[in-house]
Each structure stands twice: as C-alpha cells, then as structure tokens.
C-alpha cells in the first residue's frame, strides 16, 4: 500500500531533550516536506526536500533540523525542544519532475507535547 | 505575500442539508488550489484540486468546488451532507517550490 508513515504517533517529552520524528514513504517520491499544525493557523511548512541531499527552509524552520540521506526517509530533528514546539506534525511527499506537483500525500501525524 | 483565507472557523449543518465552505485566495496568476479533509486523529486526504480548465471541479465523496477568478474564491460544496462528513476542511494553494500554503481550516459539525 502506498503510504507515508510517521513515528512515533504520540510523544510527550521535556524541554531540552533531543528527539527525532521519523518519516518514510514508499512511493519513490522526490519531494518531501514537514508541516506543523496549530489551532487557527492551519498547516505551516517547516522544511522541505526536493531530492536526496537537498533540503531547504520553509516558513517556520527555527528550532528544527532535517536530513535527507535516502530518498524514502526524511526525519525531523528537534535538538532542544521547547514548549512552543508543542504541535501536531505532518510529513508529506510528492512526485516532483520539475513541474507543478499535483498532489502531496500526508502521513497520519505526530502529536508532540513538550513540557 | 500570497495567502489563503477560510472565513468560517466552525460550521454546523443538519444531516441531509447542503454545504458550502468558503475559501478565498490572494492575488496572483492562475492559482493551483486544493481542498483537503482531516478526520479526527487522521492525516489529510485530498478531496479535489484545480489547476486549469473547467472551473467546476468534481472530487471524491460527492464534493465539488468552483473556481471563480472574479471573486478570488474556490468554495467547496456538497448537496447533501452525511454524518461521516464531520471533519476539518482545509483549502490550500500551491506556491513556488511546491509549497502548500493552507488556510486556517473550517471545522464542520453535522447534527442529526
């Protein structure tokens, strides 16, 4: 089944304790992206990747890191989480052939709470 | 900056009634527009999209949307709502770099 998977689905942590949220897709998509969803703000892009070893900042990259060493994986890293990073996080992927991407597929979400 | 506005935070409709969710986009060339649905505890599912051509777009689950350039709108409609349609709906626009810019979302409640 074609899908985007995220782990963990739920995470409660404390301020300053490094964490990684994994994202994996099995559709051989070039493009992957991370969004965070906050009430009243919709989804905002954190980072994106056009292909392996190519990453770039989105609208709200502060406090986050990403890497794209393999095409299928795009982990989101919080080196020193803070309470304002409490949010619902979505990973997405899409086929990018240099043209407009007509669909992005979303993972199930990771609900993160930073105490 | 280009943006997407969903004026209604919450909407409640009776089961079987018609539905219209509003979406407005800011200026720009022909936009690439999407509607996604998020059921409780789930990820986002694409309902429909508009890139060009016919301004009335049919999607899944009986939804449709109409692109109106003169009103900068892309409203989502359904003629008869089912209880299972209760969810949060997001309008989005594709920008440079294939970034999706989302509206704030509209929560749909369906009363029986």
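Protein chains in written order, with the working numbering: chain A, 253 to 367; chain B, 40 to 151.
Where a beta carbon is used, it is the ideal one built from N, C-alpha and C, also for glycine.
Per-residue contacts from residue i into chain B (C-beta, under 8 angstroms)
i: residue 283(A); result: 137
i: residue 310(A); result: 138
As assigned by DSSP and simplified to three states, the class of residue i
i: residue 323(A); result: coil
i: residue 294(A); result: strand
i: residue 77(B); result: strand
i: residue 135(B); result: helix
i: residue 111(B); result: coil
i: residue 337(A); result: helix
i: residue 101(B); result: helix
i: residue 119(B); result: coil
Under 7 angstroms from the C-beta of residue i: neighbouring residues of chain A
i: residue 141(B); result: 294, 295
i: residue 144(B); result: 294
Interface residues of chain A facing residue i [CB-CB closer than 8 angstroms]
i: residue 81(B); result: 360, 361
Proximity test, residue i beta-carbon vs the ligand FMN heavy atom, cut-off 6 angstroms
i: residue 124(B); result: Looking at this structure, you won't find the ligand FMN or any other ligand, since it has none at all.
Proximal chain A residues relative to residue i, where beta-carbon distance stays under 9 angstroms
i: residue 113(B); result: Here the premise fails: no neighbours, minimum Cβ distance about 15 angstroms.
Practice item. Below 9 angstroms between beta carbons is the criterion; list the residues of the segment 291-302 of chain A that meet it against any residue of chain B, in chain order. Key: 291, 292, 293, 294, 295, 296, 297, 300, 302
Exercise for review: Answer yes if the segment 131-144 of chain B comes into contact with the segment 288-299 of chain A, meaning at least three C-beta pairs across the two stretches below 8 angstroms, and no otherwise.
Suggested key: Taking 8 angstroms as the limit for Cβ pairs, the verdict is that the segment 131-144 of chain B does touch the segment 288-299 of chain A.
Exercise for review: Note down, in chain order, all residues in the segment 341-362 of chain A with a beta-carbon under 7 angstroms from any beta-carbon belonging to chain B.
Suggested key: Listed by position, the residues of the segment 341-362 of chain A near chain B (Cβ gap below 7 angstroms) are 342, 346, 348, 352, 353, 354, 355, 356, 358, 359, 360, 361.
Review point. For the 8 angstroms Cβ check, are there 3 or more pairs between the segment 299-313 of chain A and the segment 353-363 of chain A?
Key: no
Check your understanding: For the segment 264-309 of chain A, which segments carrying the beta strand (DSSP E) assignment without a break, of at least 3 residues, lie completely within its bounds, in sequence order?
Key -> 271-277, 283-290, 294-303, 306-309
Review point. Between the segment 115-134 of chain B and chain A, which residues of the former have a C-beta closer than 7 angstroms to a C-beta of the latter?
Key: 129, 133
Point to revise | At least three beta-carbon pairs within less than 8 angstroms, the segment 53-73 of chain B to the segment 125-136 of chain B | key: yes
Check your understanding: Going along the chain, which residues of the segment 79-103 of chain B sit with their C-beta nearer than 9 angstroms to a C-beta in chain A?
Key -> 80, 81, 82, 83, 84, 85, 88, 90
Practice item. Please determine if the segment 329-336 of chain A and the segment 110-117 of chain B are in contact, where contact requires at least 3 C-beta pairs separated by less than 8 angstroms. Key: no
Point to revise | Contact between the segment 337-347 of chain A and the segment 272-280 of chain A (3+ Cβ pairs under 8 angstroms) | key: yes
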